[in-house]
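K.L.:
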Amino acid sequence: MNIQTLIDQMTLEEKAALCTGASAWSTTPIERLGVPEMIVSDGPHGVRRVPDVHEMALGSLPATCFPTASCVASTWDVDLIRQMGEALAEECIALNVDVLLGPGANMKRSPLGGRNFEYFSEDPFLAGELAANFINGVQSKGVGTSLKHYAANNQEFQRFSISAAVDERTLREIYLPAFEKAVKQAQPWTVMCAYNKVNGTFASQHHRLLTDILKDEWGFEGLVVSDWGAVRDRVAALKGGLDWEMPGPQERRVQEVVEAVRSGDLDEAVLDESVRRILRIVCMAAETPKGGNFDVEGHHQLARHIAAEGMVLLKNNGLLPLKEPQHIAVIGRSAEHAHFQGGGSSHINPTKVAVPFKELQVQAGHAELTYAEGYPTDNSFRQDMIDQAVALAVAADVAVLYIALPTFKESEGYDRTDLDLTEQQIALIKAVSAVQPNTVVILNNGAPVVMNAWMDGVAAILEGWMMGQAGGAAIADVLFGRVNPSGKLAETFPLKLSDTPAYLNWPGGAGEVRYGEGLFIGYRYYDAKEMPVQFPFGYGLSYTSFAYSNPQVSSTTFKDVEGVTVAVDVTNTGDVAGKETVQVYVHDRESGLIRPYKELKGFAKVDLQPGETKTVSIPLDFRAFAYYHPEYRQWITEDGQFDILIGASAADIRHSLTVTLESTLDLPCILDKESTIREWMADPRGRAVFGPFYAQMEAEARKMFGGGDERYGNDGAIGMDIMEMFNDMPLVSVLMFQQQALPVHPEDMVAGLLQQVHNEI
Ligand code: BGC
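Just so it is clear: in the sequence shown, position 44 is 470 by the numbering used here, and no numbers are missing.
1. Where Asp693 and Val701 are concerned, what is the direct C-alpha to C-alpha distance, given to the nearest angstrom?
2. Is the distance from the Cβ of Val525 to the Cβ of Ala711 below 8 Å?
3. I'd like the list of long-range same chain contacts for Lys835, defined as Cβ closer than 7 Å, with 5 residues on each side in sequence excluded.
4. From this set, Ala819, Ala899, Leu869 and Asp1001, which residue's C-alpha is nearest Pro863's C-alpha?
5. Relative to the C-alpha of Leu487, which candidate in Phe1116, Thr494, Pro493 and Pro477 has its C-alpha closest?
6. Are there any heavy atoms of the ligand BGC lying less than 7 Å away from the beta-carbon of His575, as far as the coordinates show?
7. Of the residues Phe1152, Ser467, Met436 and Glu544, which one's Cα is nearest the Cα of Gly460?
8. According to the Cβ coordinates, are Ile704 and Cys445 closer than 8 Å?
9. Does at least one heavy atom of the ligand BGC sit under 7 Å from the Cβ of Ser771?
10. Looking at Ala1052 and Ile1062, is the spacing between their C-beta atoms short of 8 Å?
11. Less than 8 Å between C-beta atoms, sequence neighbours within five positions excluded: which residues of the same chain meet that for Gln422?
12. Under 7 Å: does the beta carbon of Leu527 sit that close to some heavy atom of the ligand BGC?
13. Alpha carbon to alpha carbon, what distance is there between Ser1101 and Glu838?
14. Since Asn719 and Ala520 are thought to touch, with beta carbons under 8 Å apart, how far apart are those beta carbons, to the nearest angstrom?
15. Spatial neighbours of Glu762 within its chain, please: CB distance less than 8 Å, with the 5 preceding and 5 following residues excluded, ordered by chain position.
16. Can the beta-carbon of Ala885 be found less than 8 Å from the beta-carbon of Val866?
17. Taking all protein chains shown into account, decide if Gly485 is buried (16 or more other Cβ within 10 angstroms of its Cβ) or exposed.
18. Quick one: is the Cβ of Trp891 within less than 7 Å of any heavy atom of the ligand BGC?
19. What residue from Arg1015, Arg678 and Asp1109 has the CA that sits closest to Gly1066's CA?
20. Would the C-beta of Asp1014 count as close to the ligand BGC, meaning under 7 Å from any of its heavy atoms?
21. Helix, strand or coil for Pro550 per DSSP?
22. Kindly give me the distance between the Cβ atoms of Ile639 and Asn559, rounded to whole angstroms, as I take these residues to be in contact under 8 Å.
23. Using the beta-carbon count (16 or more within 10 Å), is Ser971 buried or exposed?
24. Starting from Tyr621, trace the alpha helix (DSSP H) both ways and give me its first and last residue.
25. Pick helix, strand or coil for Gly935, following the three-state DSSP scheme.
26. Relative to the alpha-carbon of Phe646, which residue among Ala793, Leu740, Leu1026 and Ser572 has its alpha-carbon at the smallest distance?
27. Kindly list the residues whose CB is nearer than 6 Å to the CB of Ala857, restricted to its own chain and excluding five residues on each side of it in sequence; keep chain order.
28. Under a three-way DSSP split, which group does Ser924 fall into?
29. DSSP three-state label for Lys856, please.
30. With a cut-off of 8 Å on the beta carbons, I'd call Glu938 and Ile588 a contact; round off their distance for me.
31. Is the closest heavy atom of the ligand BGC to the C-beta of Asp841 under 7 Å?
32. Do Glu600 and Ile947 have their CB atoms nearer than 8 Å?
33. In the DSSP output, which residue or residues are listed as bridge partners for Thr997?
34. Taking the CB atoms as reference points, tell me whether Val1042 and Gly913 lie closer together than 8 Å.
35. May I ask you to verify whether the region 893 to 904 touches the region 724 to 741, counting CB pairs closer than 8 Å and requiring at least 3?
36. Tell me the rounded alpha-carbon separation between Leu1180 and Arg1128.
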């Protein structure tokens, strides 16, 4: 089908109708022109396909529930995520779904975000790599994705209306790069806009975000779809760049578009552009044959593998892996009732569920297993359940506690109010570990919990996340050493809520949430504040150990556009095979604007047999060294030295290499009549034209304020170093004080200097 020919044949009503859904999950078909409907389904970690897309129903067809994004991200394994994407696409094909609504690439601004379980990380580089690989995996099979929720959708509180007040640099460096990378490296078929406003404008109507940045600057070729119910003003949304409104049907909206074109309020060319984008994707979707079956057992096993790779061993005094056949007291409701996914739009009807207790039994051989529920489903306190668990634990060799953060504390739709487990769960862990030193805690949650009340008393902690339908088996795999844990945290675990970066600006009110911490979220914040955390970003234990040696850089002096490659040898120094994720952070020694102390710019996961060494190579490009300058309105590099930090986590840097960057940028001069003396002197062109007058101006200033006058001593008439103050004042303001000594008026003088720096004379 030639798209332009189709557009030429379409009526205005047909165009307007195409830009709004026909149902909750489908586009409007145009039968007379042979344009089929396109079906979308949530997403992201499983296919939530309702039986009939034209009916309002909440139940969905069985599909594999893979681990949610917190777990997936902790694998740091881009190949595995690609494989998960391919499997998801196979299920979409079998379930007749054209576009899967995921992945979510929003940043975890605060661990309180109710939807953090659906997002990858607090770090934009990591989230971008994972999102791009997820998309490439799904789309390699001819199924589309929807990268969501663009942008600055970081909380559930008033998520349909609140305005995220974020400065330009923070948007560019923290909240947009994961989307940018995914768009540039994977071209998702669709991007889903956020519900919220960004700096006062609904994301669904945000011309700068949707058109200027996403489409024009990043070259996004697909269609922009609204989040479900995110559109307030359909015509304004089309003008902003929102192509497809969901859900439908919305006859009134269709009419609004028709009338806007007729009245001249909306240029038909704008509508045609959205129609073109939608038709292009509908045509791509139509090319992938649908139907058939998917490999239920194979995907369950893949889900188990991903879960085992994503679980993070947080503490281990040597108890794990469990060795001899022994008496194990299994305690906790989630051992029998697996907590493996989050609430909300991503909720999957699993093909089957691995029950943690049963899976433990399967792998425990001759061990004796006993079970106590330990805590109730609600928030009540039940001492009797604790007493029963303690009695079991005393009689056993090991106590394995399965602790799941209940849904009333974490879900899409509402934020968390604290980082705690329930009172009962905390009391249970303390009581059991008081009588049983060999206590292992397995957590099932989508985001960090605080542990200082109980972690010292337990022997081991495994962060099991929302582990997907096969996670119960993955836990047993890790506990018994069938899998050597290699997951590492993609987000910091803080010591307490009040330590967290957004604490004082969360969740906002009066219609606005101010991103007051700016660039400093996650480890960027804890680095800057030199604050201790419970577990740092990038952290995770293994049953073996790794040594890093022989760090190398391809060149110690390099041009920004060429970049450098870092290499390091990693050796498995233990007795069992294992995997290690090497992380590369970049530290800028000196910069024009404040920067985070270090930022993740590369990583690689290696698989090593005992005693084996492999060399890991990680390329660093222009963007690894650049920052976004709001005055230049572009990413810039600055000449100078950078430290390349090679680490096993954000807090475990093993080697540091220093390199010197030569910037190839020829930046425009941004001096204007408000520029300070210091800015004039820092700018090469400014220094060239104003520099010769500086000494004269300084002498004049010191003379005027009594410098050198015996009566006042060294500090002059007003007792200060006058140049310290003047250097940060606009040049014109300083010259105003010296008017008498100048041949021309200060404003004319500065205007003349500006003409020279801007090459106008
Ligand atoms: C969610 C989206 C989801 C959509 C469709 C919205 O409420 O924010 O992530 O894809 O519903 O279910």
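Every residue, glycine too, gets a C-beta built ideally from N, C-alpha and C.
P.N.:
According to the structure shown:
1. Approximately 13 Å, taken between the alpha carbons.
2. Result yes, Cβ atoms of Val525 and Ala711 sit closer than 8 Å.
3. Excluding sequence neighbours, Lys835 sits near Arg842.
4. Of the listed residues, the one whose Cα sits closest to Pro863 is Ala819.
5. Comparing Cα positions, the closest option is Pro477.
6. Yes, the ligand BGC has a heavy atom inside 7 Å of this Cβ.
7. The shortest C-alpha separation from Gly460 is found at Met436.
8. Yes. Within cutoff.
9. Yes; taking the cut-off as 7 Å, the Cβ of Ser771 has a heavy atom of the ligand BGC nearer than that.
10. In this structure, the beta-carbon distance from Ile1062 to Ala1052 falls below 8 Å.
11. Any property of residue 422 remains undetermined from this structure, which presents the chain solely from 427 to 1187.
12. Indeed, a heavy atom of the ligand BGC lies less than 7 Å from the Cβ.
13. Taking the straight line from one Cα to the other gives about 47 Å.
14. Yes, Asn719 and Ala520 are in contact; Cβ-Cβ is about 6 Å, under 8 Å.
15. The answer, listed in chain order, is Val781, Pro782, Phe783, Tyr797 and Glu799.
16. With respect to the 8 Å criterion, Ala885 and Val866 are classified as neighbours on the basis of their beta carbons.
17. Note on Gly485: under 16 other CB atoms within 10 angstroms of its CB, so exposed under the neighbour-count rule.
18. Placement of the Cβ of Trp891 at a distance of 7 Å or more from every heavy atom of the ligand BGC is found.
19. Closest by alpha carbon: Arg1015.
20. No; taking the cut-off as 7 Å, the Cβ of Asp1014 has no heavy atom of the ligand BGC nearer than that.
21. DSSP places Pro550 in helix when its eight states are reduced to three.
22. No, Ile639 and Asn559 are not in contact; Cβ-Cβ is about 22 Å, not under 8 Å.
23. With fewer than 16 other Cβ atoms within 10 Å, it is exposed.
24. Neither: Tyr621 is in no alpha helix (DSSP H) and is coded neither H nor E.
25. In the structure shown, the three-state DSSP call for Gly935 is strand.
26. Nearest of Ala793, Leu740, Leu1026 and Ser572 to Phe646, Cα basis: Ser572.
27. Ile812 and Val816, listed in sequence order.
28. Correct three-state label for Ser924: helix.
29. DSSP places Lys856 in helix when its eight states are reduced to three.
30. Yes, they are in contact, since the Cβ atoms of Glu938 and Ile588 sit about 7 Å apart, within 8 Å.
31. False, no ligand heavy atom lies under 7 Å from that Cβ.
32. According to the sequence provided, residue 600 is Ile. The question's Glu does not apply to it. Yes; because the gap between Cβ atoms is below 8 Å, this pair is in contact.
33. According to DSSP, which records beta bridges pairwise, Thr997 is partnered with Ala973 and Thr1039.
34. Going by beta carbons, Val1042 and Gly913 fall outside the 8 Å limit.
35. Of all C-beta pairs linking the region 893 to 904 to the region 724 to 741, three or more are shorter than 8 Å, placing the two stretches in contact.
36. Annotation: Leu1180 to Arg1128 spans about 25 Å, alpha carbon to alpha carbon.
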